[in-house]
Amino acid sequence: MEQSFISRSAEETLCIGQKIGSLLTCLNPIIGLFGDLGAGKTTLLKGIIHGAAGIDFQDICSPTFNYLNIYQGKFSSVYHFDLYRLLDATQFASAGFDDFFYLNGLCCLEWAEKIDPLLPKKTIRIHMTHLHETQRRIVVMGLHA
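Numbers 86 to 230, taken from the working numbering, label the letters of the sequence shown in order.
What follows is the structure, given as C-alpha cells:
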C-alpha cells in the first residue's frame, strides 16, 4: 500500500510522522527513510518515534557522528540510525548493524538508500522529496493501516 502526503512546514512534517508512528502495529517495524540532504528525514523521524514510542521530541536527535542512538520507548527500544557518513552496505554489515533488524523494537534508518540491498522485505520505505523551499512530498510504502 502506498500513501502520499504533502508537508508545507516542519510542524506539518512532525504531525505526519506522528500519524505514521501511531499506525505501526506490526512486530518490530523497520523504517527506511530515503531522500536528499535537507529533505526533512530527521524531523519526520522525530514524529514517527514520538507517535510510536512516546519519546519527547527534544530527546530525539540525529546520530550523524556515531551512526546510532538508542532510546527507551513506552513498550520497547528504538534504534535510530543516521547513515549519511556510511560508505556502503558492506561497512554497515561489517559493523554488525544489520543485527538490529532482528531485535525487539523499532528500527529507523535515515539515508536507507546506502544499505538498500540489506533491508528486510518488511521494511516500511519512506521517500521524501523537495517540492519547494518549505514543501515536501512524503511517500510511504509498506505501511498497512
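For every residue, glycine included, the Cβ atom is placed at its ideal position computed from N, Cα and C.
All values reported here derive from a predicted model rather than from experimental measurement.
Any C-beta of chain D under 8 Å from that of residue i
| i | result |
| --- | --- |
| G136 | The structure shown contains no chain D; it holds only a single protein chain. |
With 16 other Cβ atoms within 10 Å as the buried cut-off, status of residue i
| i | result |
| --- | --- |
| I247 | Lying outside 86 to 230, the shown extent of the chain, residue 247 is not represented and no answer is given. |
| R93 | exposed |
| E96 | exposed |
| A180 | exposed |
| L112 | exposed |
| T98 | buried |
| P114 | buried |
| I155 | exposed |
| T208 | buried |
| K131 | buried |
| G106 | buried |
| Q139 | Looking at the sequence shown, residue 139 is not Gln but Gly. Counting Cβ neighbours within 10 Å, G139 comes out exposed, since fewer than 16 surround it. |
Nonlocal neighbours in the same chain, by C-beta distance under 6 Å from residue i, ignoring five residues either side
| i | result |
| --- | --- |
| V225 | Q88 and I211 |
| F119 | A197, E198 and H212 |
| G117 | L194, A197, L204, T208 and R210 |
Contacts around residue i, its chain only, beta-carbon distance under 7 Å, and the 5 residues preceding and following it disregarded
| i | result |
| --- | --- |
| R170 | T149 |
| S147 | T127, D167 and E195 |
| F185 | Y164 and C192 |
| D183 | F177 and L203 |
| F90 | I101 and I223 |
| K104 | G136 |
| H215 | D121, A124 and R221 |
Cβ distance (whole Å) where residue i is taken to contact residue j below 8 Å
| i | j | result |
| --- | --- | --- |
| L188 | A137 | With 8 Å as the limit, L188 and A137 do not qualify as a contact, their Cβ atoms being about 15 Å apart. |
Sequence-distant residues of the same chain with beta carbon closer than 8 Å to residue i, five excluded per side
| i | result |
| --- | --- |
| F160 | A138 |
Going along the chain, which unbroken runs of the beta strand (DSSP E) with 3 or more residues stay wholly within the segment 186-228?
191-195, 209-215 and 221-226
Suppose only complete runs of 3+ residues qualify. What are the beta strand (DSSP E) ranges in the segment 106-180, listed by chain order?
115-120, 153-157 and 162-167
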